[in-house]
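Residue numbers (the working numbering): 3 to 437.
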């Protein structure tokens, strides 16, 4: 049973704040949380004649003559750069590149632990789009993929588009694609439990940043209707009277396509009578009120996904009548967390040497996550797998890799069985001890 279910209100809040109390102590104890380890064995100093000079010159010459062989002789195909300027960090906002480093280290930790991917934080001391593009392109020879992270809107859209078009490798913005695919996976299963169809439900989207705009896009790609969505930003509901957002092409497109009823107002008006509410806005609690939840449709679904504190505590949403509640927190049921997406998406993309990560690959990942959870047995408190379910990452990475092959964006054409074997080799790799 979840530790919060039989606790008093104060006990629930104390338990929810416990990770914050331990965070500084633990980070200080280890002075961070990642380091570089050795992949190849060193049994004696004589081995450096192979790993370094003179032996290392041999693969270098081969790579010079045949550049694509860099994937055979180095770890490039498993290196991912986690790039941020620190302008939109995990519920904290613009805290700068140094303050972003603990978050990027955590991201690298998850990449390795859950996907077998060797990821490195790259926190850059510039906020200029052109400079970030130049930095990433200059670093590209080292890496097999690029993960853009915690970069403010709207420049994150331009960065993603330019780098996707100009680099022959997977470039991904986790706050757009990762958040959207994991939310989509959870929503697919939540709707199954309440017996509603995505093509018929009305959805309120609280927050109009990169994440929720991409959530809307992915929902539409799998059947949701634009006119049945209502999005609200810090100034109110997006509609065609919101000329203040015309300069933001993404937001203005939302104004033109959504909100068939022409609603105006704030969060309360956006949520009224909707079947689903997906909040990716300001950390709470109290951003969403219980009265607003009570005014939603019957069998309501709420994803309160702000970090580090959801827009409404899940027990408050349930008390107000929500049937299914999810948050981004690992200490609550139904964790909607990007960690269910990016390690496996990159694992699948890297193993087939994909040249990009497409929307279809992301949706394949979402469907794989949802199907895996369904096979384990859906419940109102288990609409999505937990991070502990390692086989889910194999299932998802395989789906992503196969979709890349199907779409013709993979340089390696592996069978499902061969891809499965490669994914498992990375996820369950034991350190080498002998040459």
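Think of the CB as a built atom: it goes at the ideal place given N, C-alpha and C, for glycine as much as any other residue. This structure is a prediction, so every number in the text was calculated from the model and none was measured.
Residue closest to residue i, alpha-carbon to alpha-carbon, out of the options
| i | options | result |
| --- | --- | --- |
| residue 205 | 191, 260, 388 | 260 |
| residue 121 | 230, 151, 160 | 151 |
| residue 335 | 258, 386, 9 | 386 |
| residue 116 | 257, 346, 421, 280 | 346 |
| residue 354 | 366, 403, 379 | 403 |
| residue 34 | 97, 96, 90, 110 | 110 |
| residue 147 | 256, 119, 159 | 119 |
| residue 184 | 230, 221, 160 | 221 |
| residue 423 | 412, 408, 396, 407 | 396 |
| residue 271 | 299, 284, 84, 412 | 299 |
| residue 361 | 332, 227, 76, 166 | 166 |
| residue 36 | 363, 103, 79, 48 | 103 |
| residue 17 | 338, 311, 322 | 311 |
| residue 143 | 133, 13, 77 | 77 |
| residue 324 | 19, 193, 131, 11 | 193 |
| residue 140 | 154, 159, 390, 85 | 85 |
| residue 287 | 318, 191, 22 | 318 |
| residue 81 | 273, 149, 256, 126 | 149 |
Opposing strand residues paired with residue i [DSSP bridges]
| i | result |
| --- | --- |
| residue 95 | 91 |
| residue 123 | 84 |
| residue 231 | 205 |
| residue 1 | Within the shown structure, residues of the chain are numbered from 3 to 437, placing residue 1 beyond reach of any answer. |
| residue 356 | 412 |
Opening and closing residue of the beta strand (DSSP E) in which residue i lies
| i | result |
| --- | --- |
| residue 83 | 81–86 |
| residue 307 | Neither: residue 307 is in no beta strand (DSSP E) and is coded neither H nor E. |
| residue 148 | 147–150 |
| residue 281 | 278–281 |
| residue 207 | 205–208 |
| residue 328 | 326–329 |
| residue 353 | No beta strand (DSSP E) contains residue 353, which is instead part of the alpha helix (DSSP H) from 344–353. |
Check whether residue i and residue j have beta carbons under 8 Å apart
| i | j | result |
| --- | --- | --- |
| residue 262 | residue 254 | no |
| residue 392 | residue 429 | yes |
| residue 350 | residue 381 | no |
| residue 365 | residue 223 | yes |
| residue 232 | residue 207 | yes |
| residue 282 | residue 209 | yes |
| residue 123 | residue 100 | no |
| residue 177 | residue 212 | yes |
| residue 128 | residue 87 | yes |
| residue 342 | residue 303 | no |
| residue 368 | residue 195 | no |
| residue 154 | residue 55 | no |
Residue i, buried or exposed, once every other Cβ within 10 Å from all chains shown has been counted against 16
| i | result |
| --- | --- |
| residue 199 | exposed |
| residue 358 | buried |
| residue 410 | exposed |
| residue 3 | With a pLDDT of 44 at residue 3, under the threshold of 50, the predicted position of this residue should be treated as unreliable, and no value is reported. |
| residue 405 | buried |
| residue 38 | exposed |
| residue 50 | exposed |
| residue 71 | exposed |
| residue 413 | exposed |
| residue 24 | exposed |
Range of the contiguous alpha helix (DSSP H) that encloses residue i
| i | result |
| --- | --- |
| residue 191 | 181–196 |
| residue 403 | 392–409 |
| residue 363 | 361–378 |
| residue 221 | 212–223 |
| residue 131 | 131–141 |
| residue 294 | 292–296 |
| residue 73 | 72–75 |
| residue 50 | 50–53 |
| residue 159 | 157–168 |
| residue 35 | Note, residue 35: premise wrong, no alpha helix (DSSP H); not H, not E. |
The ligand GTP heavy atom lying under 7 Å from the CB of residue i
| i | result |
| --- | --- |
| residue 279 | With respect to the ligand GTP, the structure offers nothing, as it holds no ligand at all. |
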